[in-house]
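Written below as structure tokens is the structure these notes are about.
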């Protein structure tokens, strides 16, 4: 997990199972768009501080052509709450607040702020370990559509 | 600049001089804190899309101990305007809007949004090439203090 790296800060120990690089496939959809599939890589790392650095990129499955990217920081607190800040390549920023359950390896996030977005009003993100794989579901609400599934993916640690 | 990498998107060509990794030293201060010096590395990269990925980290000069980190995306437009979104390890998000001057190699940014911050109200960032080195000045306004210099650094391409 932290082989040769800096010692783990106690605040991020409950989420240490996420550290590393994950790769897999995802599926996107929404009432207003055609559904699509994508390849994805997510990386979680740390420097010894009570913060996990997060970065992600996706690509078209057929061509490998890059699609989306985002990066930010996960800030878990020992009371089981967590805040996550994300900047997206599309120009959005998100402040996510939520909770983690280290026993069940579930993190639930709900946007407190979505900035610089013309249509997106709300984003929720749930990350969960399923049979040793990292799964997530992203839901989204826009000015025209209530909160509903937008993205889901399943990723294996590499 | 893009050796072996994907072809440069025309939209980011005016800022291609920034692509790569820069390392150097900076100096921080503010009316409410003791001034301090830091080591810093900044990386600008691209995937062929009209966006530049940005990441940065700083460390204490004496011990090498990690300090701050931030990451995000630079989105220049061909009309000379640019927006930059940043997530900070401290939990802040920034939406910066501004202009670039590719002839003089200057980028001027002013926050349109600072999110999830208890005290910081406003951030301006100016990046400039000075004798082949990348320099920046960050100014900050808080609930108690008007916009004034907070950070400056000078970095060499490595």
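Chains as they are written, first to last, in our numbering: chain S, 1 to 158; chain C, 1 to 158.
Note that the Cβ used here is the ideal one computed from N, Cα and C, for glycine as well.
Unbroken beta strand (DSSP E) run spanning residue i, endpoints
i                      : result
residue 150 of chain S : 148 to 157
residue 117 of chain S : Element bounds for residue 117 of chain S: n/a, residue is neither H nor E.
residue 145 of chain S : Where residue 145 of chain S is concerned, there is no enclosing beta strand (DSSP E), given that its DSSP letter is neither H nor E.
residue 30 of chain S  : 20 to 30
residue 99 of chain S  : 93 to 101
Residue environment, residue i, which counts as buried when at least 16 other CB atoms sit within 10 Å
i                      : result
residue 89 of chain C  : buried
residue 156 of chain S : exposed
residue 62 of chain S  : exposed
residue 143 of chain S : exposed
residue 57 of chain C  : buried
residue 131 of chain S : exposed
residue 115 of chain C : buried
residue 7 of chain C   : exposed
residue 71 of chain C  : buried
residue 40 of chain C  : buried
residue 139 of chain S : buried
residue 86 of chain C  : buried
residue 10 of chain C  : exposed
residue 103 of chain S : exposed
residue 12 of chain C  : buried
residue 158 of chain S : exposed
residue 98 of chain C  : buried
residue 4 of chain S   : exposed
residue 33 of chain C  : exposed
residue 26 of chain C  : buried
Presumed contact (8 angstroms Cβ cut-off) between residue i and residue j, rounded CB distance
i                      : j                      : result
residue 45 of chain S  : residue 19 of chain S  : 7 angstroms
residue 111 of chain S : residue 95 of chain S  : 7 angstroms
residue 113 of chain S : residue 84 of chain S  : Between residue 84 of chain S and residue 113 of chain S the Cβ distance is about 11 angstroms, and since that is not below 8 angstroms, they are no contact.
residue 82 of chain S  : residue 120 of chain S : Going by Cβ atoms, the distance from residue 82 of chain S to residue 120 of chain S rounds to 21 angstroms, so no, they are not a contact pair.
residue 154 of chain C : residue 128 of chain C : With 8 angstroms as the limit, residue 154 of chain C and residue 128 of chain C do not qualify as a contact, their Cβ atoms being about 10 angstroms apart.
residue 152 of chain C : residue 17 of chain C  : 20 angstroms between Cβ atoms; not a contact.
residue 38 of chain C  : residue 22 of chain C  : Actually they are not in contact, since the Cβ atoms of residue 38 of chain C and residue 22 of chain C sit about 14 angstroms apart, beyond 8 angstroms.
residue 73 of chain C  : residue 52 of chain C  : 7 angstroms
residue 123 of chain S : residue 137 of chain S : So it is not a contact: roughly 11 angstroms between Cβ atoms.
residue 66 of chain S  : residue 77 of chain C  : Going by Cβ atoms, the distance from residue 66 of chain S to residue 77 of chain C rounds to 19 angstroms, so no, they are not a contact pair.
residue 24 of chain C  : residue 150 of chain C : In fact, because the Cβ distance is near 17 angstroms, the residues do not count as touching under 8 angstroms.
residue 80 of chain C  : residue 54 of chain C  : That pair is no contact at about 19 angstroms.
Task: Residue ranges of each beta strand (DSSP E) within the stretch 32 to 82 of chain C, 3 or longer - done: Those beta strand (DSSP E) runs which fall completely within the stretch 32 to 82 of chain C and span 3+ residues are 33 to 45, 52 to 60 and 66 to 76.
Open item on the list: At a CB distance below 7 angstroms, what residues from the stretch 100 to 127 of chain S approach chain C? Give them in sequence order.
Closed with: Those residues of the stretch 100 to 127 of chain S that come within reach of chain C (Cβ to Cβ, closer than 7 angstroms) are 113, 115 and 116.
Open item on the list: Any C-beta of chain S within less than 7 angstroms: which residues of the stretch 57 to 81 of chain C qualify?
Closed with: Residues of the stretch 57 to 81 of chain C that bring their beta carbon within less than 7 angstroms of a beta carbon in chain S comprise 66, 69, 71, 72, 73 and 75, in sequence order.
- [ ] Pull out every residue of the stretch 30 to 55 of chain S whose Cβ sits closer than 8 angstroms to any Cβ of chain C, in chain order.
- [x] Close to chain C, meaning a Cβ-Cβ distance shorter than 8 angstroms, are the following residues of the stretch 30 to 55 of chain S: 47, 48, 49, 51, 53 and 55.
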